[in-house]
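Asks:
In the numbering used here, the protein residues as written are -18 to 141.
1. Helix, strand or coil for residue -6, going by three-state DSSP, please let me know.
2. Measuring alpha carbon to alpha carbon, tell me which of 45, 34, 60, 111 ends up nearest residue 126.
3. Can you have a look at residue 87 and say buried or exposed, based on whether 16 or more other CB atoms are within 10 angstroms of its CB?
4. Whether or not the stretch 54 to 61 and the stretch 4 to 22 are in contact is what I'm after, with contact meaning three or more pairs of Cβ atoms, one per stretch, closer than 8 Å; do they touch?
5. Can you give me the C-alpha to C-alpha distance between residue 49 and residue 26, rounded to a whole angstrom?
6. Going by other Cβ atoms of all chains shown within 10 Å of its Cβ, with 16 needed for buried, is residue 31 buried or exposed?
7. Helix or strand or just coil, what does DSSP make of residue 42?
8. Cα separation between residue 113 and residue 107?
9. If you scan the stretch 90 to 131 from start to end, which runs of the alpha helix (DSSP H) of 4 or more residues do you find wholly inside it?
10. Is residue 33 buried or exposed, if buried means 16 or more other CB atoms sit within 10 Å of its CB?
11. Are the stretch 65 to 74 and the stretch 117 to 134 touching by the rule of at least three beta carbon pairs closer than 8 Å?
12. Quick check on the burial criterion: 16 or more other C-beta atoms within 10 angstroms. Buried or exposed for residue 3?
13. Once DSSP output is grouped into helix, strand and coil, what is the label at residue 1?
14. Rounded to whole angstroms, what is the Cα-Cα separation between residue -2 and residue 124?
15. Quick check on this structure: which residue in 41, -8, 24, 53 has the alpha carbon closest to the alpha carbon of residue 117?
16. Of all the options 15, -5, -6, which has the alpha carbon lying nearest to the alpha carbon of residue 98?
17. Applying the 10 Å Cβ sphere with the 16-neighbour rule, what's the burial state of residue 100?
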């Protein structure tokens, strides 16, 4: 029988660990942004943090859309997937609003605060409602697949 497990699977963090770590990283980036917004008027610093947070949010969105939602749909969880997708689309729309417009600093800070709230609320919903559905599917092969896509999306930037 052919071994379908990646060679790195032994050292591969679980899928849920990868997602939780990315949630924590995004929350940290938003907290750093809020702190910076209170202490500095340097726009480039804010934009740098938003670029990192935005890259991570886009990577998480792609992981959900390309890998996790189809698996959950195959498992008969259409309602949970639709709720998550609806929230994801709000998040992506707000991310585009933050990055597309030339905001003044106050408007940028307000838009980032809305994005932060949407992201953190989404993370809590995923962890409470979707992670229990993913737990039985959390295999080394799946976590490796997610890690590869995450790495492709983030490149050498890294999220943390």
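Cβ atoms here follow ideal geometry from the backbone N, Cα and C, with glycine treated the same way. Quick caveat: nothing in here was measured; it's all calculated off a predicted structure.
Replies: Walking through what the data contain:
1. coil
2. 45
3. exposed
4. no
5. 33 Å
6. buried
7. Helix.
8. 9 Å
9. 112 to 115
10. buried
11. The stretch 65 to 74 is not in contact with the stretch 117 to 134.
12. buried
13. helix
14. 9 Å
15. Checked all of 41, -8, 24, 53; the closest Cα to residue 117 is 53.
16. 15
17. buried
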